[in-house]
Amino acid sequence: MTTAKTPASFAELALIQPLLARLTELEYQQPTPIQTQVIPSVLAGRDLIAGANTGSGKTAAFALPMLQDLFTQKNRENPKSSQGNYVTGLILVPTRELAKQVADSVKSYAVHFNGAVKTVAVFGGVSANTQMLALRGGTDILVATPGRLLDLMSSNAIKLDKVKTLVLDEADRMLSLGFTDELSELLGKLPKQKQTLLFSATFPEQVQTLTQELLTDPIEIQLQSDDASTVVQRVFNVNKGEKTAVLAHLIKQHQWRQALVFVNAKNSCEHLADKLYKRGIEAEVFHGDKGQGYRTRILEAFKSGEIDVLIATDIAARGLDIEKLPVVINFDLPRSPSDYMHRIGRSGRAGEVGLALSLIDYEDFHHFKVIEKKNKIRLDREQVEGFELDETITQEMLEANKPMAKPEGTGKKKRKKKGLGNADVWLKNS
Ligand code: AMP
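Here it is as structure tokens:
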């Protein structure tokens, strides 16, 4: 795989003036490593597969050259904006939020094209009628979630026969969310001759199969790990039943501008928000049972800083671009090691240093070791002052993953204030 070189300037990447002007306005001073690699390859018409997390600048990496191609081609041929119900550039994404976010970015990069390149987003959870209207006369770029796109195709609102460029954004996530059948149906409707760009944070077998079936002589791009390591990761050992207290303490102590807290279940979002409220902390929730309107509103409020604490399930883990999110907290550990990377990628975006905290009790012990092993990381276990580990937890209990025994006599937990606690033993032995 190709690894990242020192970033050039955007002008050196041969981008055209209307895009360069926009990048200056957006204060993008230089391309990110993924942009340096991807932009020339896309402009050269190559297929590519890129290992890139959100936060790496991958949206601009594929959107800028796509826009440039469409714009220059239109200028050459001087046709009216897309004719018929056709689409030229198709970007498939796994979630509604990502569809909206990617489309907003594409539109923003194209502001100096004076409407020459039309971009539409389609996704489920909202009425299809408005989307059908927007698709009338076709579109140059369509950002879509697979299910809604299939629906719109069955009602002839859009045709894929003329797609020239296909982007699969977060391919691993699309497959893990169960879009396999929808994807193969969609891919079957696309012309054979096209350019395909596949982005994926991880490369499980399904993604590799997809790559083999879909890509022709692709350029492979993988960022060096240093490029992505703008997130400081910390792990806190916490007594069972004390996570809420520790979380409340950390939030009050650090007064983060924004904190994104991950839990594993929709109802855990609500429970945790209630418990934090009782401790004087207002938090909002973000999960799949909430309607699209609510989700959009909450996200905007969180982005703009009106909401300080957002408690979310993994639907927020991928793709959401919340500028410079200072901290991500794993209240529950994610189920899969790759979800861990996606969650922590919400922080430390585009060169900013972020912070990812994981609160683990003894039941999380093994699981966190797996997460570390798979992601090739090894983190020191820390304790939060005032919430030190119960000294009755032994290494054997941790290894056996057994419920901790109550300290004899008092029935209360004893706290170890100073010196080498069991956590230190844990750290050394594990
Ligand atoms: P993405 O990985 O595409 O979700 O982008 C993450 C964030 O980085 C977004 O807020 C982009 O606006 C921002 N961004 C992308 N490219 C650059 C760049 N070259 N310089 C500064 N910010 C960037």
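Heads up: the sequence shown is residues 1 to 430, going by UniProt numbering. Just so it is clear, CB atoms sit at the ideal spot from N, CA and C, and this is done for glycine as well. Here the structure is a predicted model, which means the values were calculated and not measured.
Q. By DSSP, does serine 338 sit in helix, in strand, or in coil?
A. helix
Q. By Cβ distance, which residues of its chain are closer than 6 Å to lysine 159, with the 5 residues on each side in sequence left out?
A. Asn85, Tyr86
Q) Cα separation between leucine 135 and alanine 157? A) 7 Å
Q.
Pop quiz: arginine 187 and leucine 150 are said to be a contact at Cβ under 8 Å. What is the actual Cβ separation, rounded to whole angstroms?
A. Position check: residue 187 holds leucine in this sequence, whereas arginine was assumed. Leucine 187 to leucine 150, Cβ: 12 Å. No contact.
Q: Take aspartate 217 and list the residues in its own chain whose beta-carbon comes closer than 7 Å to its own, dropping the five residues that flank it on each side.
A: Asp47
Q. Candidates Leu247, Val238, Ala301: which alpha carbon is nearest lysine 278's?
A. The candidate whose alpha carbon is nearest that of lysine 278 is Leu247.
Q) For serine 304, which option in Gly55, Leu325, Ser9 has the closest C-alpha, if you only look at C-alpha atoms? A) Out of Gly55, Leu325, Ser9, Leu325 has the C-alpha closest to the C-alpha of serine 304.
Q) Once you ignore the five residues that flank proline 204 on each side, which residues in its own chain have a CB closer than 7 Å to its CB? A) Asp172
Q. Roughly how many angstroms separate the alpha carbons of isoleucine 298 and phenylalanine 62, rounded to a whole number?
A. 28 Å
Q.
Is it the case that the region 11-19 contacts the region 107-116, given that we only count it when at least three CB pairs across the two stretches are under 8 Å?
A. In short, these stretches touch, since the Cβ pair count reaches three.
Q. Can you name the residues that DSSP bridges to valine 87?
A. Thr139
Q: Report all residues from its chain with a CB closer than 7 Å to the CB of histidine 367; omit the five preceding and five following residues, and keep chain order.
A: Leu333
**Q.** Residue of His271, Arg346, Met341 minimising C-alpha distance to isoleucine 377
**A.** Met341
Q) Using the beta-carbon count (16 or more within 10 Å), is glycine 178 buried or exposed? A) exposed
Q: Quick one: give me the first and last residue of the beta strand (DSSP E) that phenylalanine 123 is part of.
A: Here phenylalanine 123 belongs to no beta strand (DSSP E), and DSSP marks it neither H nor E.
Q.
Determine whether the beta carbon atoms of valine 167 and isoleucine 91 lie at a separation below 9 Å.
A. yes
Q: Using a threshold of 9 Å, state whether the C-beta atoms of threonine 211 and isoleucine 49 are closer than that.
A: Taking C-beta atoms as the reference points, threonine 211 and isoleucine 49 count as a pair closer than 9 Å.
Q. Which of helix, strand or coil does DSSP assign to lysine 194?
A. coil
(Q) Nearest by alpha-carbon distance to serine 127: which of Leu26, Asn75, Val120, Arg148 is it? (A) Arg148
Q | Inter-residue Cα distance where the pair is proline 191 and threonine 88 | A | Roughly 11 Å between the two C-alpha positions.
Q. What number of angstroms, rounded off, separates the C-alpha of proline 40 from the C-alpha of phenylalanine 10?
A. 11 Å
Q.
According to DSSP, simplified to helix, strand and coil, what is glutamine 68?
A. helix
Q) With C-beta atoms as the reference, is glutamine 29 less than 9 Å away from threonine 59? A) Going by C-beta atoms, glutamine 29 is not nearer than 9 Å to threonine 59.
Q. Can you tell which of Leu43, Leu26, Ala8 has the C-alpha that lies nearest to the C-alpha of threonine 32?
A. Ala8
**Q.** Beta-carbon spacing of methionine 174, valine 93 below 9 Å
**A.** yes
Q: Identify every residue that forms a DSSP beta bridge with asparagine 267.
A: Per DSSP, none; premise fails for asparagine 267.
Q: Just tell me which of Phe123, Thr130, Ile329, Lys162 has its CA closest to the CA of aspartate 140.
A: Closest in C-alpha terms to aspartate 140, from the list Phe123, Thr130, Ile329, Lys162, comes Lys162.
Q | 9 Å Cβ cutoff met for alanine 356 and valine 238 | A | no
Q: Return no unless some Cβ of chain C is closer than 9 Å to the Cβ of threonine 209.
A: The structure shown contains no chain C; it holds only a single protein chain.
Q. Can you give the beta carbon distance from leucine 43 to proline 65, rounded, assuming they're within the 8 Å contact cut?
A. That belief holds up - the Cβ atoms of leucine 43 and proline 65 are roughly 5 Å apart, short of 8 Å.
(Q) Is proline 31 a contact residue of the ligand AMP, with contact defined as CB to any heavy atom under 8 Å? (A) yes
Q: Leaving out five residues on either side along the sequence, give the residues of the same chain with a beta carbon under 6 Å from the beta carbon of alanine 228.
A: With a pLDDT of 45 at alanine 228, under the threshold of 50, the modelled position of that residue is not reliable, and the figure given next carries that caveat. Closer than 6 Å at Cβ, skipping near neighbours: Asn53.
Q: Apply the 10 Å Cβ neighbour rule to leucine 389 and answer buried if 16 or more other Cβ atoms are within range, or exposed otherwise.
A: buried
Q.
For threonine 296 and valine 263, which I take to be in contact (beta-carbon distance under 8 Å), what is that distance rounded to the nearest angstrom?
A. No, threonine 296 and valine 263 are not in contact; Cβ-Cβ is about 21 Å, not under 8 Å.
(Q) Let me confirm a value: alanine 14 is counted as buried when at least 16 other C-beta atoms fall within 10 Å, else exposed. Which label applies? (A) exposed
Q. Helix, strand or coil for arginine 257 per DSSP?
A. coil
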